[in-house]
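Peer 1: Using UniProt numbering, the first residue of the sequence shown is number 1, and each one after it goes up by one.
Positions of the beta carbon are idealized from the N, C-alpha and C atoms, including for glycine.
Note that the structure is a prediction, hence the values are computed from the model and not measured.
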Amino acid sequence: MSLPSLRLKANADRRLRNGHLWVYSNEIDVAATPLHGFKAGDQAILEAAGGKPLGIVAMSPNNLICARLLSRDVKLPLDKSLLVHRLNVALSLRERLFDKPFYRLVYGDSDLLPGLVVDRFGDILVVQIASATMEAHKEDVIAALTQVLKPSGILFKNDSAARDAEGLNRYVETVFGLVPEWVALEENGVKFEAPVIQGQKTGWFYDHRMNRARLAPYAKGKRVLDLYSYIGGWGVQAAAFGASEVFCVDASAFALDGVERNAALNGFADKMTCIEGDVFEALKELKASEERFDVIVADPPAFIKRKKDMKNGEGAYRRLNEQAMRLLSKDGILVSASCSMHLPEDDLQNILLTSARHLDRNIQLLERGSQGPDHPVHPAIPETRYIKSITCRLLPNS
């Protein structure tokens, strides 16, 4: 394959040599290699200012991040062979970590497959493609996945907003075999079914697996409130861990149907109460009803999607955690989580401290969690670390 060159400005290669994978448009020597000479989805040989090749990149010429490194070997472009190799490397990690085939198999840049996410549900694979280059090679993606994993079905869940910046249309399509509406999985010894076609993202959130496991000693014999419950990842596991009663709150009736489905699947239907509606309104109503809980999980969607959302987003995290604290018993446990990449863990900790002091409560931080190891962090790309989870204890101010 003969690929065009993409030339960097002087010294613009330092970050890449230090391990980063992204190239910004202002780092390109556009006099030598104009960006308008490329189209989204192209591959190119990235060159330092002196002409030395640095590797092969996937092009997004109209974006601030105009290229992503696919390989540091110019003989290895993105094709089926490279995909098979990278999938085998990714699979070897997950099989070392988990004894059952339920996990995130591919996590984009961290697995050196930028623009590709694959979640595995046994012999069903759910794929998200967010780059024009991966989209151009989607037949190779299918072929590589079938060769490495021999699935019975592959679903392309390509309906995320990330595709818009690449000029890609959104669609959801079964591209191999058969994919049912609900697929089985197991997490921390608890059985679930996830709605991979109609559900959020890939249908399930494997990223909090380890944090949900940490809930076990706190939930036993306790009354638990699960906010933004989706289909019961936290709430149903709390019931499995021995909670006496679990309340799940979500705005989606479809999601709460999933809670009931998964609770029944594990024989805990009698422990579960579902509340449909806005979480903030539900918290007010629970407070007015003088409800109290021993354990509350607050795992909201990203309140901060862009840096310009910081102020409003931090305010939303503050309101959520403070209202949750108002419902905690005197010696209560709050699990506060955030999937906002732009919210540093220290900021979440400060929000918890400020909220507790505003309510005249003492707070102890007990445990911290991040995303599970099937969502490996690329040390040069802080954006690959997004999950924060802080377990804290609220005590009277005395």
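Do CYS392 and LEU365 have their beta-carbon atoms positioned less than 8 Å apart in this structure?
Peer 2: On the sequence shown, position 365 is the one that residue 365 refers to. On the sequence shown, position 392 is the one that residue 392 refers to. Cβ atoms of LEU365 and CYS392: closer than 8 Å.
Peer 1: What is the DSSP secondary structure of GLY55, counted as helix, strand or coil?
Peer 2: By one-based count along the sequence shown, residue 55 stands at place 55. Strand, per DSSP.
Peer 1: Work out the CA separation of PRO34 and GLU276 for me, nearest whole Å.
Peer 2: As a working mapping, residue 276 is identified with position 276 in the sequence shown. As a working mapping, residue 34 is identified with position 34 in the sequence shown. The alpha-carbon atoms of GLU276 and PRO34 are separated by roughly 53 Å.
Peer 1: Report the rounded CA-to-CA distance for VAL295 versus SER25, giving the unit in angstroms.
Peer 2: In the sequence shown, the residue the question calls residue 295 occupies position 295. In the sequence shown, the residue the question calls residue 25 occupies position 25. Whole-angstrom Cα-Cα distance: 48 Å.
Peer 1: Can you pull the DSSP bridge partners for MET272?
Peer 2: Mapped onto the sequence shown, residue 272 falls at position 272. BP columns for MET272 point to VAL246.
Peer 1: Report the three-state DSSP secondary structure of LEU256 (helix, strand or coil).
Peer 2: If you number the sequence shown from 1, residue 256 lands on position 256. Correct three-state label for LEU256: helix.
Peer 1: My output table needs one value for PRO396: the three-state DSSP class, helix, strand or coil.
Peer 2: The residue you call residue 396 lines up with position 396 of the sequence shown. Strand at PRO396.
Peer 1: Flag this pair as yes or no: are the beta carbons of LEU286 and ASN321 separated by less than 8 Å?
Peer 2: Position 286 of the sequence shown, counted from the first residue, corresponds to residue 286. Position 321 of the sequence shown, counted from the first residue, corresponds to residue 321. No, the Cβ-Cβ distance between LEU286 and ASN321 is not below 8 Å.
Peer 1: Return helix, strand or coil for PRO217, following the three-state DSSP convention.
Peer 2: Taking the sequence shown and counting its residues from 1, the one referred to as residue 217 is at position 217. Here PRO217 sits in helix by DSSP.
Peer 1: Run through the DSSP bridge pairs and tell me what GLN128 is partnered with.
Peer 2: Position 128 of the sequence shown holds residue 128. Paired residue(s): VAL117.
Peer 1: Go ahead and pull the three-state DSSP assignment for GLU290.
Peer 2: Position 290 of the sequence shown, counted from the start, is the residue given in the question as residue 290. Of the three classes helix, strand and coil, the one that applies to GLU290 here is coil, per DSSP.
Peer 1: Whose C-alpha, out of MET134, CYS66, HIS36, is nearest the C-alpha of LYS80?
Peer 2: Your numbering for residue 80 matches position 80 in the sequence shown. LYS80 has its Cα closest to that of MET134, out of MET134, CYS66, HIS36.
Peer 1: Report the option in VAL249, SER152, ILE142 whose CA atom is closest to the CA atom of ASP123.
Peer 2: One-based indexing of the sequence shown puts residue 123 at position 123. Closest option to ASP123, Cα to Cα, is SER152.
Peer 1: So PHE293 and VAL224 are in contact, right, with Cβ under 8 Å, and what is the actual spacing, rounded?
Peer 2: Within the sequence shown, numbered from 1, the residue matching residue 293 stands at position 293. Within the sequence shown, numbered from 1, the residue matching residue 224 stands at position 224. About 6 Å separates the two Cβ atoms, so the contact holds.
Peer 1: TYR317 by DSSP, collapsed to three states: which one?
Peer 2: Locating residue 317 in the sequence shown gives position 317, counting from the first residue. Correct three-state label for TYR317: helix.
Peer 1: Considering only the beta carbon of each residue, do SER60 and ALA40 sit closer than 8 Å?
Peer 2: Counting from 1 along the sequence shown, the entry for residue 60 is found at position 60. Counting from 1 along the sequence shown, the entry for residue 40 is found at position 40. Yes. Within cutoff.
Peer 1: Output the distance between the C-alpha atoms of ASP207 and HIS375, rounded to the nearest integer angstrom.
Peer 2: Reading the sequence shown from its first residue, position 207 is the one you call residue 207. Reading the sequence shown from its first residue, position 375 is the one you call residue 375. Answer to the nearest angstrom: the Cα atoms are 7 Å apart.
Peer 1: Output the distance between the C-alpha atoms of HIS36 and PHE247, rounded to the nearest integer angstrom.
Peer 2: Counting from one through the sequence shown, the residue named residue 36 turns up at place 36. Counting from one through the sequence shown, the residue named residue 247 turns up at place 247. Answer to the nearest angstrom: the Cα atoms are 54 Å apart.
Peer 1: Could you name the residues of the same chain whose beta carbon sits closer than 7 Å to that of GLU27, not counting the 5 residues immediately before and after it, in chain order?
Peer 2: The residue labelled residue 27 in the question sits at position 27 within the sequence shown. Counting only Cβ-Cβ distances below 7 Å, and skipping sequence neighbours, we find LEU8, LYS9, ALA12.
Peer 1: If you draw a straight line from the alpha carbon of MET272 to that of GLY233, how long is it in whole angstroms?
Peer 2: Locating residue 272 in the sequence shown gives position 272, counting from the first residue. Locating residue 233 in the sequence shown gives position 233, counting from the first residue. Rounded to the nearest angstrom, the two C-alpha atoms are 13 Å apart.
Peer 1: Can we say the stretch 358-373 touches the stretch 194-212, given the rule of at least three CB pairs closer than 8 Å?
Peer 2: Verdict: yes, contact present.
Peer 1: Going along the chain, which residues of its own chain have a beta-carbon closer than 6 Å to the beta-carbon of ALA380, five neighbours each way excluded?
Peer 2: As a position in the sequence shown, residue 380 is number 380, starting the count at 1. Excluding residues within five positions, the ones whose Cβ falls inside 6 Å are GLY19, HIS20.
Peer 1: May I ask you to list the residues that DSSP assigns as paired with PHE176?
Peer 2: The sequence position of residue 176 within the sequence shown is 176, counting from 1. For PHE176, which the question treats as bridged, DSSP gives the partners ILE154.
Peer 1: Given a threshold of 16 other Cβ atoms within 10 Å of its Cβ, counted over all protein chains shown, does ARG120 qualify as buried or as exposed?
Peer 2: The residue labelled residue 120 in the question sits at position 120 within the sequence shown. With 16 or more other Cβ atoms within 10 Å, it is buried.
Peer 1: Can you find the residues in the same chain that come closer than 8 Å, C-beta to C-beta, to GLY110, ignoring five residues on each side of it along the sequence?
Peer 2: Working through the sequence shown from its first residue, we reach residue 110 at position 110. Note that residue 110 is Ser in the sequence shown, not Gly. The answer, listed in chain order, is HIS375, PRO376, VAL377, HIS378, ILE381, THR384.
Peer 1: Are the CB atoms of ARG361 and LEU394 within a distance shorter than 8 Å?
Peer 2: Here residue 394 is taken as the residue at index 394 of the sequence shown, counted from 1. Here residue 361 is taken as the residue at index 361 of the sequence shown, counted from 1. Cβ distance < 8 Å, so LEU394 and ARG361 count as in contact.
Peer 1: Does the beta-carbon of ARG306 have 16 or more other beta-carbons within 10 angstroms, so that it is buried, or is it exposed?
Peer 2: Counted from its first residue, the sequence shown places residue 306 at position 306. With fewer than 16 Cβ atoms within 10 Å of its Cβ, ARG306 is classed as exposed.
Peer 1: Report yes if the CB atom of SER229 is closer than 8 Å to the CB atom of ASP257, and no otherwise.
Peer 2: In the sequence shown, counting from the first residue as 1, residue 229 sits at position 229. In the sequence shown, counting from the first residue as 1, residue 257 sits at position 257. Going by C-beta atoms, SER229 is not nearer than 8 Å to ASP257.
Peer 1: Going along the chain, which unbroken runs of the alpha helix (DSSP H) with 4 or more residues stay wholly within the stretch 69-117?
Peer 2: Counting whole runs of 4 or more residues, the stretch 69-117 contains the alpha helix (DSSP H) stretches 80-97.
Peer 1: Tell me which residue opens and which closes the alpha helix (DSSP H) that ALA143 is part of.
Peer 2: As a first step, residue 143 is located in the sequence shown; it is residue number 143 there, counting from the start. Counting along the chain, the alpha helix (DSSP H) containing ALA143 begins and ends at 138-149.
Peer 1: Between which residues of its own chain and GLU173 is the CB-CB distance below 8 Å, once the five residues before and five after are set aside?
Peer 2: Counted from its first residue, the sequence shown places residue 173 at position 173. LEU155, PHE156, ASN158.
Peer 1: Helix, strand or coil: which one does DSSP assign to ASP347?
Peer 2: Taking the sequence shown and counting its residues from 1, the one referred to as residue 347 is at position 347. Note: ASP347 maps to helix in three-state DSSP.
Peer 1: With distance defined between alpha-carbon atoms, name the residue in ALA44, LYS52, GLY242 nearest to ARG68.
Peer 2: Along the sequence shown, one-based indexing puts residue 68 at 68. Looking at the Cα atoms, ALA44 is the closest of the given residues.
Peer 1: Using 8 Å as the threshold, is the stretch 239-246 in touch with the stretch 215-224, meaning 3 or more CB pairs across them?
Peer 2: In short, these stretches touch, since the Cβ pair count reaches three.
Peer 1: Going by the beta-carbon positions, is the gap between ASP346 and VAL297 smaller than 8 Å?
Peer 2: If you number the sequence shown from 1, residue 346 lands on position 346. If you number the sequence shown from 1, residue 297 lands on position 297. No; because the gap between Cβ atoms is not below 8 Å, this pair is not in contact.
Peer 1: Please go through the same chain and pick out, in chain order, the residues whose beta-carbon is closer than 7 Å to the beta-carbon of ASN63, but skip the five residues on each side of it.
Peer 2: Working through the sequence shown from its first residue, we reach residue 63 at position 63. Here the set comprises ALA165.
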